[in-house]
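Since the structure comes first, as structure tokens, the remarks are kept for the end.
Protein chains: 2
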Amino acid sequence: MTALAASWLPLSAGERAVAIEVLVHGPLSRTDLARRLGLSAGSLTRLTKPLIESGLLVETAEGAALPEARQGRPSQPLDIVAESRTFLGFKITDDMVYGVVTTLRSDIVARHDRPLTSHEPERVADLLAEMADELAGRHPSLAGIGIGVGGLVEHQAVVGESPFLLWRDVPLAGLVEERTGLPVVVENDVAALVEAETWFGAGRGLDRFVVLTIGAGLGYGLVLGGTRVRSGEEDRGFGRHWIIDPGGPLTPTGERGSAVAMLTIPAIRYQVQAATGREVTYEQILAEAAAGDPMCARVIGEAGRALGTLVAQITNFVMPQKILLAGEGVGLMEVAGRAVDDAVRANRHPLAAPVPLETKVSDFHDWARGAAVLAIQVLVLGAADSSTQSDQLHGP
Amino acid sequence: MTALAASWLPLSAGERAVAIEVLVHGPLSRTDLARRLGLSAGSLTRLTKPLIESGLLVETAEGAALPEARQGRPSQPLDIVAESRTFLGFKITDDMVYGVVTTLRSDIVARHDRPLTSHEPERVADLLAEMADELAGRHPSLAGIGIGVGGLVEHQAVVGESPFLLWRDVPLAGLVEERTGLPVVVENDVAALVEAETWFGAGRGLDRFVVLTIGAGLGYGLVLGGTRVRSGEEDRGFGRHWIIDPGGPLTPTGERGSAVAMLTIPAIRYQVQAATGREVTYEQILAEAAAGDPMCARVIGEAGRALGTLVAQITNFVMPQKILLAGEGVGLMEVAGRAVDDAVRANRHPLAAPVPLETKVSDFHDWARGAAVLAIQVLVLGAADSSTQSDQLHGP
DNA sequence: GACACTTACTTTCGTCATGAAAATATTAGG
DNA sequence: CCTAATATTTTCATGACGAAAGTAAGTGTC
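Put into structure tokens, the structure is as follows:
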């Protein structure tokens, strides 16, 4: 298959910091970088030179970046050559594999999806390799592959436990590497989405950042000090036991009144169906709630209050600089935004700073993009896999 | 007053790391230190030499540290000379000032309390200076003073807002420095207690650590990456709006069913008094609940459930490696430990790792000790005041 | 007791990242 | 053309570090 892409690695610590800063925060002059990284101007000349020579950075058109032409020698912005390498990202669901091709900046340049007909690890790896081959044909400078899977993933390589695939200790990264000859990073899907948002999305540059995903289930991701905290619940799904309202609804999954029982798409559909006997889609329920249907409005209103309570609790205890609501179920915010706000207020000090809340509807390609970001982090920039040291102790 | 103590400062970054490691983690050989800090053996010789020469470290008796005599040259443990400098810590309450003298290890070697008769900043500073003088007489090598105050403290020097003292923007550190000639660090009292526990107590060596104090009010402290996260609620007290049970009791402070209304000592006393008309102490209520009195047992049981719910929420969202319960109101745990455990379980995934919960009864001298620890951190080891950059952004 | 072996620590030396300062480049404004 | 302002490069000294060799101080074996 395609030739193994040459890597710019290894980068020194300083070079890596420069590369990441430019990658994440757009074109920056050497002087800007010196200020941001706390280094001297001289060091920036030294650090950027090999990066430019290797083709990772370029000096961009000078005029564009400066709206106000100031006095003195104009600065020379540096930018990542985003197209110099491309990456594949896959999101594996129960019955589909979603694939994307991204640039270094994680911009999606192509999409490709295929149905998943077998859960046999070898067959899944075969399918991924086929998809990689098809995508690679059009994008030769492929540097690596990221794969997002629901479940517990160890060492960014082995699927330790995945309930929906019924996998245990499947060395997925190895299987796909064998077939493609490309370096592969595997990660929990929520974790991948969180990393993507931390680097390139809503959490860019933040120190404390929370991602809450609402969809078929709930996902929770915590970023502290710019680094994602590994959770022990990744393999079991979040929120089944986050009891929001002990008198709340009882649904097939999640404890009575739990976040899962009140907020997830299946739970909301179940409630409406149980009350009316009709099979309706999530979007229909939202539309009818907005239109004033009392039954749907009640369920959605309760969901909104549950979400607000959850957001307030997270804010009270974690004090994040921002919370991102993502997933397929965030349409809730448009219809029940008021209920959410009210519930947040009720569970927060009236003088407390408002919760910085951002909503982003995401589809499965966004999840796949998250996996690609993992590949970018690990393969290009040499960001270490922190899983082995995640709960290691270190001094104050 | 006493001569300004000579400081060992400035320490280089490497020296500081060594000093802190030995201070916090007890006697350590150079080889141990090399492993812990990720440095070479040679570097440790270099780094420890000036620390030993300056008297901050000593080589301890060799035999004691090694229970099992292994082969090879025996290691030479290094220890901090804890008595080489002493520190003062003060906790200011509404009507009292509690003072302690501590060693470098923050062991309390003397206590001294005085009633606070005026809230006038100048008078408070006078009193602190007097107390410092009295304590200093017996402990000459005084290196600095730490002061803990309820309320918002800025730059570890200025009391921005303190509801119980009715202060606004009082430069307390400066006032006391003028009078004593010693360097002074002022900090929020909860923050100081958290720092003390992070460095020398239950949170020693942990990455993610939560302190929850129960007393006249609630206190919440979050330590991430070994560093305390500054909260925006320090000046207003925590938990008045952490709604645990919307149908819970209503008390003079805190919203109905809030953590403050269900858990704090005044709220519990209020509930019992409202039901029985009797004025009883917190300890009496605990005793009667343990003895089977239905009224007290109900109130205490509810408090226990509230605490358990709170602990579970914190654990779910913050995922700390340990939660410390401290303050004067933790006697609750002995009487209602079962209710706490049950509530934690009900709000956690059954397979989730158990919550590492530690209880520590603390009195006002422990709060004063916390303030002394702040002084140790800042004055001796040069730990930076992170307040100005607490919410500053930095890249991933 | 001589010897090998093991582990801890020290010394020496080369490398490398860094900052300070001076030099150079490139613009604007007179 | 000259000066001021700002950006970048060059040069050089410093200092922190690791590798490797050397020394120290014990145990185990014969």
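Going down the list, the protein sequences come from chains A and B.
The first sequence begins at 1 in the working numbering and counts up one residue at a time.
The second sequence begins at 1001 in the working numbering and counts up one residue at a time.
Heads up, the beta-carbon is just placed ideally off N, CA and C, and yes, glycines get one too.
In this text, all values refer to a predicted model and were calculated from it rather than measured experimentally.
Please name the residue in the options whose C-alpha comes closest to that of residue i.
{"i": "L325/A", "options": "Y220/A, V272/A, L212/A", "result": "L212/A"}
{"i": "I300/A", "options": "Q321/A, L263/A, A275/A", "result": "L263/A"}
{"i": "R236/A", "options": "D1126/B, A1352/B, I1147/B, V1330/B", "result": "A1352/B"}
{"i": "R1228/B", "options": "S1084/B, N1188/B, A1306/B", "result": "N1188/B"}
{"i": "T1117/B", "options": "T1093/B, G1254/B, V1100/B", "result": "T1093/B"}
{"i": "P27/A", "options": "A336/A, R105/A, F87/A", "result": "R105/A"}
{"i": "I1265/B", "options": "T1060/B, G1329/B, T1180/B, A1297/B", "result": "G1329/B"}
{"i": "E1283/B", "options": "G1277/B, A1297/B, P1115/B", "result": "A1297/B"}
{"i": "S75/A", "options": "L128/A, S29/A, R345/A", "result": "S29/A"}
{"i": "E1083/B", "options": "V1058/B, Q1071/B, R1073/B, R1070/B", "result": "V1058/B"}
{"i": "G1327/B", "options": "L1044/B, H1365/B, L1135/B, G1337/B", "result": "H1365/B"}
{"i": "M1096/B", "options": "V1378/B, G1382/B, W1367/B, V1380/B", "result": "W1367/B"}
{"i": "R16/A", "options": "S40/A, L44/A, T31/A", "result": "L44/A"}
{"i": "V1361/B", "options": "V1185/B, G1072/B, G1215/B, H1112/B", "result": "G1215/B"}
Can you tell me whether residue i is helix, strand or coil according to DSSP?
{"i": "H112/A", "result": "strand"}
{"i": "P1010/B", "result": "coil"}
{"i": "V1176/B", "result": "helix"}
{"i": "A1143/B", "result": "strand"}
{"i": "L1332/B", "result": "helix"}
{"i": "G160/A", "result": "strand"}
{"i": "L127/A", "result": "helix"}
{"i": "G1026/B", "result": "coil"}
{"i": "V1211/B", "result": "strand"}
{"i": "I1323/B", "result": "strand"}
{"i": "R228/A", "result": "strand"}
{"i": "D1342/B", "result": "helix"}
{"i": "E1197/B", "result": "helix"}
{"i": "D95/A", "result": "coil"}
{"i": "I1314/B", "result": "helix"}
{"i": "S362/A", "result": "coil"}
{"i": "V1280/B", "result": "coil"}
{"i": "S1258/B", "result": "strand"}
Run through chain B and tell me which residues come within less than 7 Å of residue i, C-beta to C-beta.
{"i": "F317/A", "result": "Q1313, I1314, F1317, V1318"}
{"i": "S231/A", "result": "M1319"}
{"i": "R236/A", "result": "H1349, L1351"}
Is the distance from the Cβ of residue i to the Cβ of residue j below 9 Å?
{"i": "R1269/B", "j": "I1244/B", "result": "no"}
{"i": "E1302/B", "j": "G1248/B", "result": "yes"}
{"i": "P121/A", "j": "L172/A", "result": "yes"}
{"i": "I376/A", "j": "G55/A", "result": "no"}
{"i": "G1148/B", "j": "G1089/B", "result": "yes"}
{"i": "L222/A", "j": "V210/A", "result": "yes"}
{"i": "I80/A", "j": "R369/A", "result": "no"}
{"i": "K322/A", "j": "A202/A", "result": "yes"}
{"i": "A110/A", "j": "V124/A", "result": "no"}
{"i": "A1290/B", "j": "V1335/B", "result": "yes"}
{"i": "G1146/B", "j": "L1381/B", "result": "no"}
{"i": "L1152/B", "j": "H1119/B", "result": "no"}
{"i": "G1304/B", "j": "R1256/B", "result": "no"}
{"i": "Q156/A", "j": "V186/A", "result": "yes"}
Run through chain B and tell me which residues come within less than 9 Å of residue i, C-beta to C-beta.
{"i": "L116/A", "result": "The contacting residues do not exist; L116/A stays about 27 Å from chain B at best."}
What residues from chain B crowd round residue i, counting only those whose CB sits closer than 8 Å?
{"i": "N347/A", "result": "H1241, W1242, I1243"}
Strictly below 9 Å CB to CB, what residues from chain A border residue i?
{"i": "S1106/B", "result": "Here the premise fails: no neighbours, minimum Cβ distance about 13 Å."}
Identify the contact partners of residue i in chain A, using a Cβ-Cβ distance below 7 Å as the criterion.
{"i": "G1225/B", "result": "L224, G225"}
Let me confirm a value: residue i is counted as buried when at least 16 other C-beta atoms fall within 10 Å, else exposed. Which label applies?
{"i": "H349/A", "result": "buried"}
{"i": "T1309/B", "result": "buried"}
{"i": "Y98/A", "result": "buried"}
{"i": "P1010/B", "result": "exposed"}
{"i": "P1252/B", "result": "exposed"}
{"i": "P320/A", "result": "buried"}
{"i": "Q273/A", "result": "exposed"}
{"i": "P183/A", "result": "buried"}
{"i": "S1258/B", "result": "buried"}
{"i": "I52/A", "result": "exposed"}
{"i": "Q1313/B", "result": "buried"}
Less than 8 Å between the CB of residue i and some heavy atom of the ligand ATP, yes or no?
{"i": "S43/A", "result": "In the structure shown, the ligand ATP is absent, as is every other ligand, since no ligand is present at all."}
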